[in-house]
Each structure stands twice: as C-alpha cells, then as structure tokens.
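Sequences listed follow chains A and B, in order.
Under numbering that gives the first Met the number 0, the first residue of the first sequence is numbered 0, with each subsequent residue one higher.
Under numbering that gives the first Met the number 0, the first residue of the second sequence is numbered 0, with each subsequent residue one higher.
The beta carbon of each residue, even a glycine, is placed where N, CA and C say it ideally should be.
Computed from a predicted model, the values in this text were never measured in an experiment.
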Amino acid sequence: MNTTVMTEPHPQPHDSHSPEDIQRHVKVYLLIGLCLLLGTALTVGAYYVHFTSVVTTITVALCIASVKAGLVAAYFMHLISEKRMIYVLLVFTGFFFLGLMLLTVWAAQDYPMLPAR
Amino acid sequence: MDAAIPYTTQLRRDTGLYNAKVGIWLFLASEVMLFGALFSSYVLLRVGADSWPHGLLNVPIGTFNTAVLITSSVTVVMAWASLKMGQLKNARRYLLATVLCAAMFLGVKTVEYRDKFTHYEVRFTDGKVLTGHVKALGRTAFLSLSKLKMMKVEKFAFHPDAAHGAAVATHASSMEVETAKVEKLECFGPWHHTYFAIYFALTGLHGLHVFGGMLVFLYFFGPGAVLYRADPVRYTNRIEVAGLFWHFVDLVWIFLFPVLYLL
Chain A
0 MNTTVMTEPH
10 PQPHDSHSPE
20 DIQRHVKVYL
30 LIGLCLLLGT
40 ALTVGAYYVH
50 FTSVVTTITV
60 ALCIASVKAG
70 LVAAYFMHLI
80 SEKRMIYVLL
90 VFTGFFFLGL
100 MLLTVWAAQD
110 YPMLPAR
Chain B
0 MDAAIPYTTQ
10 LRRDTGLYNA
20 KVGIWLFLAS
30 EVMLFGALFS
40 SYVLLRVGAD
50 SWPHGLLNVP
60 IGTFNTAVLI
70 TSSVTVVMAW
80 ASLKMGQLKN
90 ARRYLLATVL
100 CAAMFLGVKT
110 VEYRDKFTHY
120 EVRFTDGKVL
130 TGHVKALGRT
140 AFLSLSKLKM
150 MKVEKFAFHP
160 DAAHGAAVAT
170 HASSMEVETA
180 KVEKLECFGP
190 WHHTYFAIYF
200 ALTGLHGLHV
210 FGGMLVFLYF
220 FGPGAVLYRA
230 DPVRYTNRIE
240 VAGLFWHFVD
250 LVWIFLFPVL
260 YLL
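Pasting the structure below:
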C-alpha cells in the first residue's frame with residue numbers, strides 16, 4: 000500500500016541556490032514581506048491624505064505600487080539573480096507591453112468628443 | 000525506449016535553466032499581455048467616461064485582502080526555501096498557510112461581490128436617485144424593475160444608504176416603495192456602469208488565477224508531496240514554478256488594488 004509517510008532526503012543543489020544561500024535569504028524574504036505590508040499601508044495612507052491634484056494622487060499610488068511590484072519581482076521571483084535567457088524574454092515582454100500601452104494612449108487621443116449633456 | 004522527460008532537474012547547457020522554469024516565464028509573459036490588455040482597456044474606458052464613480056468599494060476590506068495576498072507570497076517563498084534546506088514538514092506547513100490565505104482572499108472577494116449584487120441604485124419617477132438595499136420576492140440580490148413588474152410586485156422594502164442625507168438616514172432606516180413610482184432599479188453588477196464592468200472583469204480574472212493557484216498548492220500539499228520522496232529536486236522545482244505563478248498573481252493585485260479601490 001502506498002502510504003503518505005515520507006522521508007526527508009536532502010535535495011541536491013542544482014543551481015546557485017545552495018541551502019546555505021537560502022538560509023541567508025530567508026531573513027531577506029521576511030524583510031521584503033514586511034516592506035510590502037508597509038508599502039500597502041503607505042498607499043492607503045496616501046489615499047486618505049487627499050492630494051489636491053488628481054495627477055499627484057495617481058502618480059503617488061502607482062509609484063508605490065511599482066516599487067512593491069519591483070520588490071516582488073526582484074526578490075520573490077529571483078529576478079535579481081536570474082539567468083540571461085529570462086531577462087531576454089522579459090525585455091521582449093516589456094517591449095510588447097509598452098507597445099500595448101502606447102497604442103492605448105494613442106487611441107485615447109483620438110477618442111470621439113461626446114456632445115455636452 | 001527511455002520516455003523520461005528531459006531537464007526536469009538538470010539544467011540545460013544553452014539556457015542554464017531547467018525546462019519548467021523557461022516554460023513558466025513564457026506563460027507569465029503571455030499573462031502580462033492578457034492583464035495588460037485589460038489594464039489598457041481600463042485606461043481607455045476611464046479616459047472616455049463622462050463620470051467615474053469613487054468610494055463604491057470598501058478600502059479597509061481591500062487593504063486586508065492585499066495584506067493576505069502579500070502574506071501568501073511570503074509563505075510560498077518560505078515553502079520553497081524550506082525545501083531547499085531539506086525541510087519538507089516546514090514546507091508543507093507553509094504550503095497549507097498559502098492555501099488558507101488564498102481561500103481567505105477568495106472568501107473576502109465573495110463577500111465583496113455579494114455586497115455589489117445586493118446594493119442598488121433606485122431612480123424614482125420624480126427624478127430622485129437613491130442607493131441602498133432592496134428586498135422583494137423574498138430575496139435581496141439580482142432584482143430588477145422588469146422582474147418586479149413581471150411578478151406583479153406592487154411594493155418592496157428599501158433601505159437607503161445613510162450617506163444620501165440626514166433626512167433619509169434619520170427618518171427612514173427602511174421604507175416601503177411603490178414599484179409604479181420607480182423608473183429604474185439596478186444592482187451594482189457589471190451592467191450598471193463601465194466602472195463595474197471593468198472591475199468585475201479584472202477582479203474576476205484575477206480571482207480565477209487565485210483559485211487555480213490554490214488548487215495547485217493544495218495538490219502539492221497533499222498527494223503531490225509524494226514526489227519529494229522519489230525526486231526531491233523535481234518537487235522543489237515544481238514548488239518554485241508554482242511560486243513564480245503565485246508571485247505574479249500577487250504582483251497583478253498590487254496594481255489592481257490602488258487602480259480599482261483608491262484612484
């Protein structure tokens with residue numbers, strides 16, 4: 000009968016993430032988690048500040064979100080120390096994503112003027 | 000004939016990666032374009048809208064859900080780190096925590112969705128517009144004026160929101176409304192406003208990703224963990240790949256939260 004009781008063999012390191020490295024990184028992961036929670040508190044705090052300009056509100060919120068996303072990508076997704084192929088893939092993704100957004104901006108400039116109600 | 004899948008644990012000489020990692024990043028690239036298309040739709044809809052509603056979503060609840068998702072990202076990376084250090088028991092605890100976080104996120108989202116489908120805008124024939132909660136035909140969700148008229152409902156119970164003025168809030172916490180005096184009755188579903196259409200599209204798609212990820216982690220917590228005994232590196236790699244997907248889901252929410260709840 001196949002039981003679910005498992006032994007715990009030590010996995011062989013297959014890349015640059017050795018168990019010793021990981022042990023050091025654990026503290027960093029927890030610190031990043033804390034920073035992300037603080038970033039969330041900061042975003043909500045900025046919302047309650049009520050900036051006079053809408054542009055300022057949007058800029059502040061998106062800047063904090065970008066920093067948080069950068070931390071997730073860099074540390075949790077290990078992009079800070081990834082192989083070249085992943086970076087190449089992401090450059091292509093970024094190029095097409097930027098194209099998509101620029102097309103949107105272009106389309107927004109060409110939005111039909113609605114009659115005043 | 001050897002039918003073993005190559006490069007599940009060994010690194011390819013040309014990429015320096017195992018195949019699943021390249022695969023998940025290619026998938027995530029397509030996901031960037033999928034969510035990017037919806038985000039650009041949001042921008043276009045908002046720029047073209049006559050008015051854009053504010054304050055219709057509960058910010059504290061959204062903040063709580065953001066914290067839950069961030070916590071789940073930490074537990075996923077801790078599960079992977081535990082496996083790297085050969086600690087399966089700890090890894091499974093972190094995986095269970097991730098599943099619970101995902102379930103909590105979806106539970107809160109369900110409550111939020113329910114709130115939208117039981118919250119109505121009522122436009123009266125005299126031009127007055129109120130928002131609040133409606134009860135008719137023994138239920139509170141998915142009611143419409145045509146449905147009430149079809150079922151020959153002459154009156155229905157209406158609880159207006161307190162925000163619509165002290166007079167309403169103090170004099171009538173609940174009132175009877177004649178169906179004949181109502182011009183429009185619509186809950187805050189995707190059909191109510193462009194804002195809700197894009198809100199449900201974005202959060203619905205994101206919620207499906209959370210649900211999918213939760214099932215994957217549930218599998219790796221339960222029957223999938225058997226692989227660790229036979230091939231610990233392969234199991235660890237699977238957790239890393241699933242974790243990359245999960246972090247992407249978290250990353251999308253990091254942008255969704257301010258865009259939909261705060262701006």
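Interface partners of residue i on chain B, CB under 8 Å
i, result
"A:Phe96", "Val31, Met32 and Gly35"
"A:Ile21", "Ala80, Lys83 and Met84"
"A:His24", "Ala80"
Boundaries of the beta strand (DSSP E) in which residue i is found, first to last residue
i, result
"B:His132", "Val128 to Lys134"
"B:Ala156", "Lys154 to Pro159"
"B:Arg45", "Looking at the DSSP string, B:Arg45 is not in any beta strand (DSSP E); the run it does join, the alpha helix (DSSP H), is Asn18 to Gly47."
"B:Leu184", "Val181 to Cys186"
"B:Arg122", "His118 to Phe123"
"B:Val176", "Met174 to Glu177"
9 Å Cβ cut-off: residues of chain B touching residue i
i, result
"A:Val54", "Within chain B, no residue comes near A:Val54; the closest Cβ sits about 11 Å away, beyond 9 Å."
Whether residue i touches residue j by CB criterion (7 Å)
i, j, result
"B:Tyr198", "B:Leu99", "no"
"B:Thr97", "B:Val75", "yes"
"A:Met100", "B:His246", "no"
"B:Leu243", "B:Leu184", "no"
"B:Thr8", "B:Val232", "yes"
"B:Thr124", "B:Glu182", "yes"
"B:Leu82", "B:Thr202", "no"
"B:Phe220", "B:Leu94", "yes"
"A:Leu41", "A:Ile63", "yes"
"B:Gly212", "B:Val251", "no"
"B:Val209", "B:Ala19", "no"
N- and C-terminal bounds of the alpha helix (DSSP H) containing residue i
i, result
"B:Lys146", "Leu144 to Met149"
"A:Val76", "The residue asked about is misnamed: residue 76 of chain A is Met in this sequence, not Val. Unbroken run through A:Met76: none, as it is neither H nor E."
"A:Tyr47", "Pro18 to Val48"
"A:Met100", "Arg83 to Gln108"
"B:Arg233", "Pro231 to Leu255"
"B:Pro59", "Val58 to Lys83"
"B:Gly223", "It is not in any alpha helix (DSSP H) - B:Gly223 carries neither H nor E in the DSSP assignment."
"A:Ala68", "Val53 to Leu70"
Distance between residue j and residue i (C-alpha atoms, nearest Å)
i, j, result
"B:Phe116", "B:Trp51", "19 Å"
"B:Leu62", "B:Leu204", "Per the sequence presented here, residue 62 of chain B reads as Thr, with Leu not at that position. Distance between the alpha carbons of B:Thr62 and B:Leu204 is about 19 Å."
"A:Val71", "B:Ser172", "46 Å"
"A:Leu35", "B:Glu153", "52 Å"
"B:Val167", "B:Phe157", "For B:Val167, the predicted model reports a pLDDT of 43, less than 50, meaning its position is unreliable and no value from the coordinates is stated."
"B:Leu43", "A:Thr103", "6 Å"
"B:Val107", "B:Ala36", "26 Å"
"B:His192", "B:Val121", "14 Å"
"B:Arg11", "B:Tyr17", "6 Å"
"B:Phe254", "A:Lys67", "9 Å"
Contact list for residue i against chain B, beta-carbon separation under 7 Å
i, result
"A:Leu35", "Ile69"
Neighbour flag for residue i against chain A, beta carbons, 7 Å
i, result
"B:Gly15", "yes"
"B:Pro262", "Reading off the sequence, residue 262 of chain B comes out as Leu, not Pro. For B:Leu262, the answer is yes, since a Cβ of chain A falls inside 7 Å of its Cβ."
"B:Ala66", "yes"
"B:Trp51", "no"
"B:Phe141", "no"
"B:Pro257", "yes"
"B:Trp252", "no"
"B:Ala28", "yes"
Beta carbon proximity, residue i to chain B, threshold 7 Å
i, result
"A:Leu88", "yes"
"A:Tyr28", "yes"
"A:Ile79", "no"
"A:Val59", "no"
"A:Ala64", "yes"
"A:Thr42", "yes"
"A:Thr39", "yes"
"A:Thr51", "no"
Where residue i meets chain A, residues with beta-carbon distance less than 7 Å
i, result
"B:Ser39", "Leu99, Met100 and Thr103"
Partner residues on chain A for residue i, Cβ-Cβ distance less than 8 Å
i, result
"B:Ser72", "Gly32, Leu35, Val71 and Phe75"
Proximal residues of chain A, C-beta to C-beta of residue i below 9 Å
i, result
"B:His246", "Val71, Ala72, Phe75 and Met76"
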